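> Before I ask anything, here is the structure I am working with.
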Amino acid sequence: MSSEVDICNLALGHLRGGRINSLTEASVQAKECALRYPILRDQMLQDSPWQFAGSIKPLSLLVAEVHGWAYVYSYPSDCLRVNRIIPEYESVVGGIGLYNPWSSPDDTRRGYPLPAVEYKVFNLNGAKVIVSNFANLRIDYRVRLNNPTLFSNNFIMALSHLMASDMAIVIAGVESGRALRSDSLTMYEKYLNAGVVNELNEQKAVIAQSDFITERF
(Lines of atoms letter the chains of each structure in order from A and count residues from 1; the text may use other names and numbers.)
(Lines give C-alpha, C1' and ligand atoms only; values in the text may rest on other atoms or scores of the structure.)
Protein backbone atom coordinates (compact mmCIF):
# COMPACT_ATOMS: atom_id res chain seq x y z
CA MET A 1 0.00 0.00 0.00
CA SER A 2 1.51 3.30 -1.14
CA SER A 3 0.75 6.97 -0.64
CA GLU A 4 1.57 9.89 -2.92
CA VAL A 5 4.56 10.69 -0.68
CA ASP A 6 5.76 7.07 -0.87
CA ILE A 7 5.71 7.18 -4.68
CA CYS A 8 7.53 10.53 -4.70
CA ASN A 9 10.17 9.13 -2.34
CA LEU A 10 10.65 6.18 -4.68
CA ALA A 11 11.27 8.66 -7.49
CA LEU A 12 13.72 10.65 -5.39
CA GLY A 13 15.45 7.43 -4.37
CA HIS A 14 16.11 6.59 -8.02
CA LEU A 15 17.95 9.92 -8.19
CA ARG A 16 19.63 9.62 -4.79
CA GLY A 17 17.82 12.87 -4.03
CA GLY A 18 16.84 12.39 -0.41
CA ARG A 19 13.33 12.04 1.02
CA ILE A 20 10.32 14.21 1.78
CA ASN A 21 7.70 14.00 4.52
CA SER A 22 5.01 16.00 2.76
CA LEU A 23 4.26 17.44 -0.68
CA THR A 24 3.62 20.80 0.96
CA GLU A 25 7.00 21.23 2.65
CA ALA A 26 9.35 23.98 1.47
CA SER A 27 12.09 21.76 -0.01
CA VAL A 28 12.97 21.77 -3.70
CA GLN A 29 12.26 18.03 -3.82
CA ALA A 30 8.73 18.44 -2.47
CA LYS A 31 7.94 21.31 -4.84
CA GLU A 32 9.17 19.37 -7.88
CA CYS A 33 7.21 16.25 -6.84
CA ALA A 34 4.03 18.23 -6.14
CA LEU A 35 4.29 19.83 -9.58
CA ARG A 36 4.88 16.63 -11.53
CA TYR A 37 3.00 13.91 -9.65
CA PRO A 38 -0.62 14.70 -10.70
CA ILE A 39 0.34 15.43 -14.31
CA LEU A 40 2.40 12.27 -14.83
CA ARG A 41 -0.07 10.11 -12.88
CA ASP A 42 -2.91 11.24 -15.15
CA GLN A 43 -0.74 10.74 -18.22
CA MET A 44 -0.06 7.11 -17.26
CA LEU A 45 -3.69 6.43 -16.39
CA GLN A 46 -4.77 7.91 -19.71
CA ASP A 47 -2.23 6.27 -21.99
CA SER A 48 -2.46 2.57 -20.99
CA PRO A 49 -5.37 0.16 -20.32
CA TRP A 50 -5.06 -0.21 -16.54
CA GLN A 51 -8.06 -2.21 -15.35
CA PHE A 52 -8.07 -0.58 -11.91
CA ALA A 53 -8.75 2.73 -13.66
CA GLY A 54 -11.69 1.49 -15.74
CA SER A 55 -15.31 2.41 -15.08
CA ILE A 56 -18.69 2.05 -16.79
CA LYS A 57 -21.66 4.20 -15.86
CA PRO A 58 -24.73 5.86 -17.43
CA LEU A 59 -24.20 9.25 -18.99
CA SER A 60 -26.18 12.13 -17.47
CA LEU A 61 -28.51 13.80 -19.96
CA LEU A 62 -28.40 17.61 -20.02
CA VAL A 63 -31.14 20.07 -20.85
CA ALA A 64 -29.14 21.68 -23.61
CA GLU A 65 -28.98 21.84 -27.40
CA VAL A 66 -26.17 21.36 -29.90
CA HIS A 67 -27.15 21.88 -33.52
CA GLY A 68 -27.33 18.62 -35.48
CA TRP A 69 -27.45 16.34 -32.43
CA ALA A 70 -30.46 14.96 -30.58
CA TYR A 71 -28.92 14.42 -27.13
CA VAL A 72 -26.37 16.27 -25.02
CA TYR A 73 -24.71 14.44 -22.13
CA SER A 74 -22.46 15.66 -19.33
CA TYR A 75 -18.81 14.65 -19.71
CA PRO A 76 -17.80 12.86 -16.48
CA SER A 77 -15.59 15.14 -14.39
CA ASP A 78 -13.24 12.26 -13.54
CA CYS A 79 -12.88 11.04 -17.14
CA LEU A 80 -9.36 10.99 -18.56
CA ARG A 81 -10.20 9.08 -21.72
CA VAL A 82 -13.33 7.72 -23.37
CA ASN A 83 -12.80 4.07 -24.30
CA ARG A 84 -16.19 3.73 -25.96
CA ILE A 85 -19.82 4.79 -25.73
CA ILE A 86 -22.25 1.94 -25.06
CA PRO A 87 -25.81 1.79 -26.45
CA GLU A 88 -28.66 0.79 -24.14
CA TYR A 89 -29.31 -2.44 -26.06
CA GLU A 90 -25.77 -3.76 -25.73
CA SER A 91 -25.41 -7.00 -23.77
CA VAL A 92 -24.16 -6.90 -20.20
CA VAL A 93 -22.22 -9.96 -19.03
CA GLY A 94 -21.03 -10.35 -15.43
CA GLY A 95 -21.92 -6.76 -14.64
CA ILE A 96 -19.67 -5.41 -17.41
CA GLY A 97 -20.98 -4.07 -20.71
CA LEU A 98 -19.68 -6.18 -23.58
CA TYR A 99 -20.27 -5.57 -27.26
CA ASN A 100 -22.69 -8.10 -28.70
CA PRO A 101 -22.70 -7.72 -32.49
CA TRP A 102 -25.88 -9.80 -32.80
CA SER A 103 -28.12 -8.01 -30.30
CA SER A 104 -30.45 -5.26 -31.39
CA PRO A 105 -33.40 -3.29 -30.09
CA ASP A 106 -35.55 -4.98 -32.74
CA ASP A 107 -35.46 -8.55 -34.04
CA THR A 108 -35.27 -7.54 -37.70
CA ARG A 109 -31.58 -6.74 -37.36
CA ARG A 110 -30.53 -9.91 -35.56
CA GLY A 111 -27.63 -11.70 -37.17
CA TYR A 112 -26.07 -8.50 -38.48
CA PRO A 113 -23.35 -6.31 -36.95
CA LEU A 114 -24.61 -3.14 -35.33
CA PRO A 115 -23.20 0.25 -36.27
CA ALA A 116 -20.99 1.93 -33.72
CA VAL A 117 -22.55 4.68 -31.64
CA GLU A 118 -21.69 8.00 -33.27
CA TYR A 119 -20.75 10.72 -30.81
CA LYS A 120 -18.54 13.77 -30.44
CA VAL A 121 -17.06 15.73 -27.57
CA PHE A 122 -17.75 19.47 -27.55
CA ASN A 123 -17.05 22.52 -25.40
CA LEU A 124 -20.47 23.91 -24.55
CA ASN A 125 -20.32 27.26 -22.74
CA GLY A 126 -17.08 26.30 -21.03
CA ALA A 127 -18.17 22.77 -20.11
CA LYS A 128 -17.17 19.52 -21.79
CA VAL A 129 -20.14 17.58 -23.18
CA ILE A 130 -20.78 14.45 -25.23
CA VAL A 131 -23.34 14.67 -28.03
CA SER A 132 -25.03 11.80 -29.86
CA ASN A 133 -28.23 10.84 -31.64
CA PHE A 134 -28.65 7.81 -29.35
CA ALA A 135 -30.60 7.88 -26.10
CA ASN A 136 -29.78 6.22 -22.75
CA LEU A 137 -26.06 5.83 -23.33
CA ARG A 138 -23.38 4.52 -21.00
CA ILE A 139 -19.70 5.39 -21.04
CA ASP A 140 -16.71 3.07 -20.68
CA TYR A 141 -13.82 5.28 -19.63
CA ARG A 142 -10.57 5.70 -17.71
CA VAL A 143 -10.92 7.39 -14.35
CA ARG A 144 -8.69 10.01 -12.78
CA LEU A 145 -7.71 8.20 -9.58
CA ASN A 146 -6.56 10.17 -6.58
CA ASN A 147 -6.25 7.09 -4.36
CA PRO A 148 -2.83 5.45 -4.91
CA THR A 149 -3.83 2.39 -2.85
CA LEU A 150 -5.71 1.25 -5.97
CA PHE A 151 -2.57 1.30 -8.14
CA SER A 152 -0.84 -1.92 -9.15
CA ASN A 153 2.81 -2.46 -8.20
CA ASN A 154 3.95 -2.13 -11.81
CA PHE A 155 2.05 1.14 -12.16
CA ILE A 156 3.66 2.51 -8.99
CA MET A 157 7.17 1.57 -10.09
CA ALA A 158 6.63 2.87 -13.63
CA LEU A 159 5.26 6.17 -12.30
CA SER A 160 8.16 6.59 -9.89
CA HIS A 161 10.69 6.11 -12.70
CA LEU A 162 8.74 8.45 -15.02
CA MET A 163 8.82 11.11 -12.31
CA ALA A 164 12.52 10.49 -11.74
CA SER A 165 13.30 10.91 -15.43
CA ASP A 166 11.32 14.14 -15.58
CA MET A 167 13.05 15.82 -12.63
CA ALA A 168 16.49 14.19 -12.89
CA ILE A 169 18.35 17.29 -14.06
CA VAL A 170 16.66 19.57 -11.52
CA ILE A 171 17.44 17.25 -8.60
CA ALA A 172 20.80 15.77 -9.64
CA GLY A 173 22.27 18.47 -11.86
CA VAL A 174 22.90 18.48 -15.61
CA GLU A 175 25.80 16.04 -15.85
CA SER A 176 24.55 13.34 -13.48
CA GLY A 177 20.91 14.07 -14.32
CA ARG A 178 21.24 13.12 -17.97
CA ALA A 179 22.53 9.65 -17.13
CA LEU A 180 19.95 9.16 -14.39
CA ARG A 181 17.19 10.33 -16.72
CA SER A 182 18.19 7.76 -19.32
CA ASP A 183 18.33 4.97 -16.73
CA SER A 184 14.94 5.92 -15.32
CA LEU A 185 13.30 6.01 -18.75
CA THR A 186 14.61 2.49 -19.41
CA MET A 187 13.16 1.26 -16.12
CA TYR A 188 9.91 3.13 -16.76
CA GLU A 189 9.43 1.30 -20.05
CA LYS A 190 10.25 -2.03 -18.39
CA TYR A 191 7.66 -1.64 -15.64
CA LEU A 192 5.11 -0.11 -18.01
CA ASN A 193 5.36 -3.00 -20.46
CA ALA A 194 5.18 -5.58 -17.66
CA GLY A 195 2.14 -3.85 -16.20
CA VAL A 196 0.28 -3.70 -19.52
CA VAL A 197 0.96 -7.40 -20.17
CA ASN A 198 -0.37 -8.29 -16.70
CA GLU A 199 -3.48 -6.19 -17.28
CA LEU A 200 -4.19 -7.89 -20.60
CA ASN A 201 -3.65 -11.35 -19.09
CA GLU A 202 -6.22 -10.64 -16.36
CA GLN A 203 -9.15 -9.95 -18.65
CA LYS A 204 -11.31 -12.09 -20.88
CA ALA A 205 -13.95 -10.83 -23.27
CA VAL A 206 -17.02 -12.98 -23.87
CA ILE A 207 -19.00 -12.21 -26.98
CA ALA A 208 -22.50 -13.64 -27.04
CA GLN A 209 -23.51 -15.73 -30.04
CA SER A 210 -26.59 -15.18 -32.14
CA ASP A 211 -29.53 -17.58 -32.14
CA PHE A 212 -28.56 -18.41 -35.73
CA ILE A 213 -25.33 -19.94 -34.43
CA THR A 214 -26.52 -21.48 -31.16
CA GLU A 215 -29.69 -23.04 -32.58
CA ARG A 216 -28.03 -24.88 -35.45
CA PHE A 217 -26.90 -27.69 -33.16
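Numbered by my numbering, the letters in the sequence shown go through residues 1017 to 1233 in order.
Glycine is no exception: its CB is placed at the ideal position from the N, C-alpha and C atoms.
Source: prediction; values computed, not measured.
Do you know offhand how far Ile1172's Cα is from Ile1023's?
C-alpha separation (whole angstroms): 7 Å.
> Taking C-beta to C-beta, are Gln1045 and Ile1187 nearer than 9 Å?
Yes, these two residues count as a Cβ contact at 9 Å.
> Rounding to the nearest angstrom, what Cα-Cα distance links Gly1033 and Thr1165 in this structure?
Distance between the alpha carbons of Gly1033 and Thr1165: 24 Å.
> In terms of alpha-carbon separation, which member of Leu1196, Leu1028 and His1083 lies closest to Asn1149?
Closest option to Asn1149, Cα to Cα, is His1083.
> Write down the C-beta distance between Ile1102 and Arg1154 rounded to the nearest angstrom, noting that I regard them as a contact closer than 8 Å.
That pair is a contact at about 4 Å.
> So for Ala1069, helix, strand or coil by DSSP?
It is helical.
> When DSSP labels each residue in this structure, what does Ser1192 get in the three-state scheme?
Of the three classes helix, strand and coil, the one that applies to Ser1192 here is helix, per DSSP.
> Taking the beta strand (DSSP E) that Arg1052 belongs to, which residues open and close that run?
That residue, Arg1052, is in no beta strand (DSSP E); its alpha helix (DSSP H) goes Val1044 to Asp1063.
> Which of helix, strand or coil does DSSP assign to Pro1074?
Here Pro1074 sits in strand by DSSP.
> What residue range does the alpha helix (DSSP H) around Ala1143 cover?
Counting along the chain, Ala1143 falls outside any alpha helix (DSSP H), though it belongs to the beta strand (DSSP E) covering Ala1143 to Ser1148.
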